[in-house]
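*Asks:* This is the structure I have questions about; it appears just below.
4 protein chains.
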Amino acid sequence: MNTFGRIFRLTSFGESHGRGIGGVIDGCPSGLSVDFDLIRTELGRRRPGQTALSTARNEADEVELISGIFEGKTTGAPIAFLVRNTDMRSQDYDYLKGIFRPSHADYTYHAKYGIRDHRGGGRSSARETIARVVSGAFAKMLLNSMNISIEAFTTQIGPIVLEQKDSTQFSSELAAENPLHCPDRETAEAMMSLISQVKEEQDSIGGMVSCVIKGVPVGWGEPVFGKLHARLAEAILSIPACKGFEYGSGFDLSQKGSRQNDAFYFDGESISTRSNNSGGIQGGISNGQTIYFKAAFKPIASIRIPQETVDKEGVAVQIQIEGRHDPCALPRALPVVEAMAALVLADACLLARSKELKF
Amino acid sequence: MNTFGRIFRLTSFGESHGRGIGGVIDGCPSGLSVDFDLIRTELGRRRPGQTALSTARNEADEVELISGIFEGKTTGAPIAFLVRNTDMRSQDYDYLKGIFRPSHADYTYHAKYGIRDHRGGGRSSARETIARVVSGAFAKMLLNSMNISIEAFTTQIGPIVLEQKDSTQFSSELAAENPLHCPDRETAEAMMSLISQVKEEQDSIGGMVSCVIKGVPVGWGEPVFGKLHARLAEAILSIPACKGFEYGSGFDLSQKGSRQNDAFYFDGESISTRSNNSGGIQGGISNGQTIYFKAAFKPIASIRIPQETVDKEGVAVQIQIEGRHDPCALPRALPVVEAMAALVLADACLLARSKELKF
Amino acid sequence: MNTFGRIFRLTSFGESHGRGIGGVIDGCPSGLSVDFDLIRTELGRRRPGQTALSTARNEADEVELISGIFEGKTTGAPIAFLVRNTDMRSQDYDYLKGIFRPSHADYTYHAKYGIRDHRGGGRSSARETIARVVSGAFAKMLLNSMNISIEAFTTQIGPIVLEQKDSTQFSSELAAENPLHCPDRETAEAMMSLISQVKEEQDSIGGMVSCVIKGVPVGWGEPVFGKLHARLAEAILSIPACKGFEYGSGFDLSQKGSRQNDAFYFDGESISTRSNNSGGIQGGISNGQTIYFKAAFKPIASIRIPQETVDKEGVAVQIQIEGRHDPCALPRALPVVEAMAALVLADACLLARSKELKF
Amino acid sequence: MNTFGRIFRLTSFGESHGRGIGGVIDGCPSGLSVDFDLIRTELGRRRPGQTALSTARNEADEVELISGIFEGKTTGAPIAFLVRNTDMRSQDYDYLKGIFRPSHADYTYHAKYGIRDHRGGGRSSARETIARVVSGAFAKMLLNSMNISIEAFTTQIGPIVLEQKDSTQFSSELAAENPLHCPDRETAEAMMSLISQVKEEQDSIGGMVSCVIKGVPVGWGEPVFGKLHARLAEAILSIPACKGFEYGSGFDLSQKGSRQNDAFYFDGESISTRSNNSGGIQGGISNGQTIYFKAAFKPIASIRIPQETVDKEGVAVQIQIEGRHDPCALPRALPVVEAMAALVLADACLLARSKELKF
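For the record, the sequence lines run as chains W, Z, H and Y. Count along the first sequence starting at 1, add 20, and that's the number in this note's numbering. Count along the second sequence starting at 1, add 20, and that's the number in this note's numbering. Count along the third sequence starting at 1, add 20, and that's the number in this note's numbering. Count along the fourth sequence starting at 1, add 20, and that's the number in this note's numbering.
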């Protein structure tokens, strides 16, 4: 299952230490001007080695756009792209060939497939998210043309939690000041200190992403099994290390219905709601308010601290994971979260349009 | 989008106050003995009016199995079923015809479709979950034949939280003692008191479901875009009122990687893990450990307390929602959560089998 | 695989001698006025016992519309429908329980599923086409609103072939005069005589359907794997007894490219073609010309003449197939061909619309 | 719609004069030994310039396997591949930029997408079939491991028709002697003479492919909307220039049911049929007999003979199509037909396996 979407569809391929990572975008409407800078920018945000917070693996991540574009515009044909792997050190992984790293996909891949490209995590590597970021950039181009914005923020690292709760009011300017894209200076600094400390400990730490989507019109999302938030959850939880998803009031069960319900009112132009506990989605369909959700990322499983595990014969071994690994999935997960949200929205947009017939 | 699944597929149909609710199960293997009692039991758990905690609407919910069964066994042909609506009081909804109830799908359906069956919520009613419960019973029959069990518990109502955290150790016996299926007597009583009180206040309250799945073999779930937990999230968040999903350690970011990682060991028979923060799923694929997840349900939006809203012309109105409504989505959501989990697992099982070729 | 379509989708269910035949239409746009007469008319055309040419099984085929319609219009919710079986004589089939009728699906179903509803062909019965005719009527309503017409004609019965080749010029008036809907009086009479004779011989005979679709705008159909003609072929060949499909010049290979090619010209209003060997489809996409195709139906496999076969133990037996069977799939296949074509077109229409964005 | 298949899936991409043609195979089981020679052989059969019968465009068509393979075996991860375009002469097409070639996809692509890569046919070029041939080679590897063979023959060129009708008895040895893979020497020579003559006339001619599939076990194919022959028809009609498909007795309506029906008998080992008018498929499911079908290919639309047409403003122009074009789609379509059949069968195999559970 390497395809995501119903109309605007991404098919992803590639391994961490194979020839490269790529994808095919099918169903992108024709006539869209390709924003090559956006693709580069998004890849840059995902790329390792950009800040002191992330691994030193430093690949240029040059994307080759293979098909579907003519004279700077999409043609409606599938858009294939490829980012070649260049800065691989596969020998770093030789000692892991028959060993299952704790909380990685090594054991399950081995059991399921009987064969496994162990180099750098192979197919299960987070390097696969390159395919999402590139395709997400195309989805963003589509959404940008409708003045829809998607922005992901870091709102928690380990026990350090951003105090400001209302993500619809986050300051993009403040967030732009720090590499974690956290909309508060002091919190950001505390988070960065913690990540640095964890890195020195050769350990890892989890974090929370809050994503805010503005400008989505009423009517996107399909009832029952195509609910917008359910599609978002599936998309976001497909990102490596993501363990939880909530939208709107989410896991906060402290309020009763009388407080929780979002009262409708007419704001002079359209129907709006006084509160937004629904997170911009009601009955699975966007209601015109800001959409927001949160996603939890566990600590990266690759740590240098020695760990107990077994090899494929079941023999106990102790390992120390070498290679270049981030101490925290954030901030590099931020553009991936945005990309997956963009894919969901572009797809929902096209599906909604297909049935907007007037009789 | 009223179809769920890739091989084992449910197509759901019906409205709250139309002729009935039903579905078609396609892809169920042939030769499965139909456990008619199980279907009735599951429907009974979902049915209103079973306990003091739920609405008084009391329909027999007799299911007619229309096709796909011959001499008590599935034939491989689609299994269609229908539960007719009988105890409807559509006139209860007449005053709501042009009015948008807060935090309901009224406004979004109206905006998306231009026409809306307003009676009892129409298609957006939680009565649609009957289709899931019946099809889930068939999925459970399939899973039962492999000794896989799925059990959902109530672990939070409003601010009342079950103290026991490790859901893999919940006592089914204790849970069976109370209608909320909460595995602790005192907590259950406190929860029930709160629900009763909220009901008297004509208000509503949210709750948490913890679901535990035992016996799933290694290898179910597909990498990248068919991850088992992402499919579960999509399925569970398709249930009305569900706002969040987490599996394994989920939103708990307190531990570092060195504590969070699940060490592998050989237990004498197979490879196992010493902890289970992964929630039985690694890289999107089941690892043979117990699978567990949590789902948050918001307070039911239908409350008797007067609320401010607008009608479809945008004119402000005050409403008091009549009709028969539960003060809490739990416990009736429990069999629905189990059913959706069963659908995901049955589908993952068949998909995994399709590619288990030996060369 | 009982679902057809990508956006406008039919899920079919039911067996010949079970409780009934039905289906669920998902993805039909909202606001479409339901033409109940059209549904009845189409079912009437498919129903046995309408002419001397078909079986005496005479069921009212009353359709119950279960969901998705409110105040005479579609709501966007799935439209479920059911036609109950009433005039069954299942005991007619008792002697066939363990026997494989030649050129039927008995043996393959038995081998594939291990269990088989043998009564009246069960799921493999042509009675299943009721689901297509009802859903096709909804697709026709959608197409009618765009002034698109679909009309199927009988153009061959056994060796009797209609002389007129250009199906785009067939006379609907002449066709309406005879039950075969053959656009030529003398040919129709010869065909009907042949069918009557074959019926007396207790044998069966094949026939050809030519289908003509007018009014489809340019641009429906998707390149490469969603070609309009390939979808039509799949749809038409899913009808029981259909053995071949061609569109445009089809199997006629007598002309060279210089004669075969359809020259473009500007007709004063739009770009048109001087000939139409392309059958209205170029590169898989409608070009605005009339679409036409042909479908071959083999002789009905059920004949009264004694036949050699085996039972499920492989023991040779002679059978004489009782029950009520048509000597020819035509004319009853005509509305089914139209219905499948309508489903393909409605789906192609919605898919084309989804990507018609202007940037 | 550039994806084909339900479990074993091909996603195709690329244009004739872009960077290359490629694809992604998703769902191929793991552990399959990759037969690199087979891929090369199949590409060689499809490549132009192999015989005097085809165009002089002569590209090495070197395939790069990008992902999904480790140590010579498939890993279960998506297999991406790319064949770069090298021998392009895009300037040959400059004069065609705004002109619609007769019976090509130029006009429909222009109307549908508003933008068109006109160079060499762009996405609608038959060069896209490279993606099918490479993926078909993987499907063949899977089928070969089960001793299933697929062989396509030329059985008609223009008016020259092979006399031998029973394709299940065709001689592979005789066919191997001539480039058309026609199983009769004299017919092959007459066909080749005709093609040469047509080529000199700067015209083109159509042809027929007969495809024979041996070794498919009973039980592949899904009833109603996944019928094996309907899937084959969709697949084969997705090949450029294909206008018709028939299987088994197909369009031959000369026989009555009593002659047409395939009597079952027990051959000592299994249940077999005395004749095979069913073409190896009954009720959409393989019955263990040889599967055979025919496909008609129209004359190639690109001819050097001057033709009347219009440009995108509707102005009449005369064109003479330069570039390197085959006078006949055969024999180069043969490996494409085999590839598409292989994709359908591999997919049907995996789908059938998914539901083979014993209870």
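No residue lacks a Cβ here, since even glycine has one placed at the ideal position from N, Cα and C.
#1: Apply the 10 Å Cβ neighbour rule to W:E171 and answer buried if 16 or more other Cβ atoms are within range, or exposed otherwise.
#2: Could you name the residues of the region 170 to 188 of chain W whose beta carbon sits closer than 7 Å to any beta carbon of chain Z, in the order they occur along the chain?
#3: Excluding the 5 residues preceding and the 5 following H:P243 in the sequence, name in chain order all residues of the same chain whose CB lies nearer than 8 Å to its CB.
#4: Can you look up H:K263 in the DSSP assignment and give me helix, strand or coil?
#5: List the residues of chain W whose Cβ lies closer than 7 Å to the Cβ of Y:D126, in chain order.
#6: For chain W, find out if any of its Cβ atoms is closer than 8 Å to the Cβ of Y:D55; answer yes or no.
#7: Residue range of the beta strand (DSSP E) that Z:R104 falls in?
#8: Look up H:F190 in the DSSP assignment and say whether it is helix, strand or coil.
#9: Under 6 Å Cβ to Cβ from W:T71, same chain only, skipping five residues before and after it: list those, please.
#10: Return the bridge partner residues of W:R29 from the DSSP annotation.
#11: Mapping the DSSP letters down to three states, classify H:A336 as helix, strand or coil.
#12: Express the C-alpha separation of H:S32 and H:G241 in angstroms, rounding to a whole number.
#13: Tell whether a beta-carbon distance below 8 Å holds between Y:L371 and Y:F317.
#14: Buried or exposed: which applies to W:P203, given that a residue is buried once 16 or more other Cβ atoms fall within 10 Å of its Cβ?
#15: Suppose only complete runs of 4+ residues qualify. What are the alpha helix (DSSP H) ranges in the region 305 to 349 of chain H, listed by chain order?
#16: Excluding the 5 residues preceding and the 5 following W:A157 in the sequence, name in chain order all residues of the same chain whose CB lies nearer than 6 Å to its CB.
#17: Pull up the distance between the alpha-carbon of H:A159 and that of H:S374, whole angstroms please.
#18: Return the residues of the region 224 to 249 of chain H that lie within a Cβ-Cβ distance of less than 7 Å from chain Y, sorted by chain order.
#19: Going along the chain, which residues of the region 130 to 160 of chain Y sit with their C-beta nearer than 8 Å to a C-beta in chain H?
#20: Please list the segments of the alpha helix (DSSP H) lying wholly inside the region 87 to 160 of chain Z, counting only runs of 4 or more residues, in order along the chain.
#21: Kindly say whether W:D282, judged by its beta-carbon, lies nearer than 8 Å to any beta-carbon of chain Z.
#22: Excluding sequence positions up to five away, which residues of its chain have a Cβ less than 6 Å from the Cβ of W:H249?
#23: By the criterion of Cβ-Cβ separation under 8 Å, what are the contact partners of Z:T31 in chain H?
#24: Under 8 Å between the Cβ atoms of Y:G142 and W:I135?
#25: Roughly how many whole angstroms lie between the Cα atoms of W:V181 and Z:V236?
#26: With 7 Å as the limit, tell me which residues of the region 366 to 377 of chain Z have their beta carbon closer than that to any beta carbon of chain Y; keep them in chain order.
#27: Straight-line CA distance for W:Y129 to Z:G239?
#28: Residues of chain Y with a CB under 8 Å from the CB of Z:P355: which are they?
#29: Taking 8 Å as the threshold (C-beta atoms), are Y:N307 and H:A321 in contact?
#30: Y:I27 CB to nearest chain Z CB: under 8 Å?
#31: For H:S216, does the count of other Cβ atoms within 10 angstroms reach 16, so buried, or fall short, so exposed?
#32: For Y:E84, does the three-state DSSP call read helix, strand or coil?
#33: H:V356 and H:R66 look like a contact to me (Cβ under 8 Å); what is the Cβ gap, rounded to whole Å?
#34: Give the DSSP-derived three-state secondary structure of Z:G277 in the structure shown.
#35: Hey, does H:L163 have any beta-carbon neighbour from chain W nearer than 8 Å?
#36: Judging by CA-CA distance, which residue of Y:P179, Y:D107, Y:Y127 and Y:A97 is the nearest neighbour of Y:T329?
*Replies:* Reading from the atomic positions:
#1: Indexing the first sequence from 1 puts residue 171 of chain W at position 151. With 16 or more other Cβ atoms within 10 Å, it is buried.
#2: From the region 170 to 188 of chain W, only Q176, G178 and P179 have a Cβ closer than 7 Å to chain Z.
#3: Along the third sequence, read from residue 1 onward, the residue named residue 243 of chain H stands at position 223. So the qualifying residues of the chain are G303, G304 and I305.
#4: Residue mapping note: residue 263 of chain H aligns to position 243 of the third sequence, counting from 1. Strand at H:K263.
#5: Against the fourth sequence, residue 126 of chain Y aligns to sequence position 106. Residues of chain W passing the Cβ test: none, with the nearest at roughly 13 Å.
#6: By one-based count along the fourth sequence, residue 55 of chain Y stands at place 35. No - not a single Cβ of chain W is within 8 Å of the one on Y:D55.
#7: Reading the second sequence from its first residue, position 84 is the one you call residue 104 of chain Z. That run of the beta strand (DSSP E) goes I99 to R104.
#8: Within the third sequence, numbered from 1, the residue matching residue 190 of chain H stands at position 170. It is coil, neither helix nor strand.
#9: Start at 1 with the first residue of the first sequence, and residue 71 of chain W comes out as number 51. Taken in chain order, the residues that qualify are P199.
#10: As a first step, residue 29 of chain W is located in the first sequence; it is residue number 9 there, counting from the start. Its beta-bridge partners are W:D46.
#11: Along the third sequence, read from residue 1 onward, the residue named residue 336 of chain H stands at position 316. Per DSSP, reduced to three states, the secondary structure at H:A336 is strand.
#12: Locating residue 241 of chain H in the third sequence gives position 221, where the first residue counts as 1. Locating residue 32 of chain H in the third sequence gives position 12, where the first residue counts as 1. Rounded to the nearest angstrom, the two C-alpha atoms are 23 Å apart.
#13: By 1-based counting over the fourth sequence, the position of residue 371 of chain Y is 351. By 1-based counting over the fourth sequence, the position of residue 317 of chain Y is 297. Contact check for Y:L371 against Y:F317 fails: the beta carbons are separated by 8 Å or more.
#14: Walking along the first sequence from the start, residue 203 of chain W turns up at place 183. Per the 10 Å Cβ criterion, buried.
#15: The region 305 to 349 of chain H contains no whole alpha helix (DSSP H) run of 4 or more residues.
#16: As a position in the first sequence, residue 157 of chain W is number 137, starting the count at 1. So the list reads L58, I59 and E62, once near-sequence residues are dropped.
#17: In the third sequence, the residue the question calls residue 159 of chain H occupies position 139. In the third sequence, the residue the question calls residue 374 of chain H occupies position 354. Take the alpha-carbon of H:A159 and the one of H:S374: they are about 17 Å apart.
#18: Listed by position, the residues of the region 224 to 249 of chain H near chain Y (Cβ gap below 7 Å) are S224, I225, G226, G227, M228, V238, G239, E242, P243, V244, F245, G246, K247 and H249.
#19: Cβ contacts with chain H come from A131, K132, R143, S144 and E148.
#20: Taking only runs of at least 4 residues, the alpha helix (DSSP H) segments lying wholly in the region 87 to 160 of chain Z are 126 to 133.
#21: The residue given as residue 282 of chain W occupies position 262 in the first sequence. At a cut-off of 8 Å between beta-carbon atoms, W:D282 makes contact with chain Z.
#22: In the first sequence, the residue the question calls residue 249 of chain W occupies position 229. Excluding residues within five positions, the ones whose Cβ falls inside 6 Å are Y267 and I301.
#23: Translated into positions along the second sequence, residue 31 of chain Z becomes position 11. Here the neighbours are T23, T31, V44, D46 and P98.
#24: Within the fourth sequence, numbered from 1, the residue matching residue 142 of chain Y stands at position 122. Within the first sequence, numbered from 1, the residue matching residue 135 of chain W stands at position 115. In this structure, W:I135 does not lie closer than 8 Å to Y:G142 by Cβ.
#25: Here residue 181 of chain W refers to the residue found at position 161 of the first sequence. Here residue 236 of chain Z refers to the residue found at position 216 of the second sequence. The straight-line gap from Cα to Cα measures roughly 36 Å.
#26: Contacts with chain Y (Cβ-Cβ distance below 7 Å) from the region 366 to 377 of chain Z involve L370, L371, R373, S374, K375 and L377, listed in chain order.
#27: Position 109 of the first sequence, counting from 1, holds the residue named residue 129 of chain W. Position 219 of the second sequence, counting from 1, holds the residue named residue 239 of chain Z. Their Cα atoms are separated by approximately 8 Å.
#28: On the second sequence, position 335 is the one that residue 355 of chain Z refers to. The contacting residues do not exist; Z:P355 stays about 23 Å from chain Y at best.
#29: In the third sequence, counting from the first residue as 1, residue 321 of chain H sits at position 301. In the fourth sequence, counting from the first residue as 1, residue 307 of chain Y sits at position 287. In this structure, Y:N307 does not lie closer than 8 Å to H:A321 by Cβ.
#30: As a first step, residue 27 of chain Y must be located in the fourth sequence, where it is residue number 7. Yes, Y:I27 counts as interfacial toward chain Z.
#31: As a first step, residue 216 of chain H is located in the third sequence; it is residue number 196 there, counting from the start. By the beta-carbon neighbour count (other beta carbons within 10 angstroms, threshold 16), H:S216 is exposed.
#32: To locate residue 84 of chain Y, count along the fourth sequence from 1; it is residue 64. Three-state DSSP puts Y:E84 in a strand.
#33: For the purposes of this step, residue 356 of chain H is taken as residue 336 along the third sequence, with counting starting at 1. For the purposes of this step, residue 66 of chain H is taken as residue 46 along the third sequence, with counting starting at 1. Rounded, the Cβ-Cβ distance is 6 Å, consistent with contact.
#34: For the purposes of this step, residue 277 of chain Z is taken as residue 257 along the second sequence, with counting starting at 1. Correct three-state label for Z:G277: helix.
#35: Residue mapping note: residue 163 of chain H aligns to position 143 of the third sequence, counting from 1. H:L163 does not count as touching chain W.
#36: In the fourth sequence, residue 329 of chain Y corresponds to position 309, counting from 1. Out of Y:P179, Y:D107, Y:Y127 and Y:A97, Y:Y127 has the C-alpha closest to the C-alpha of Y:T329.
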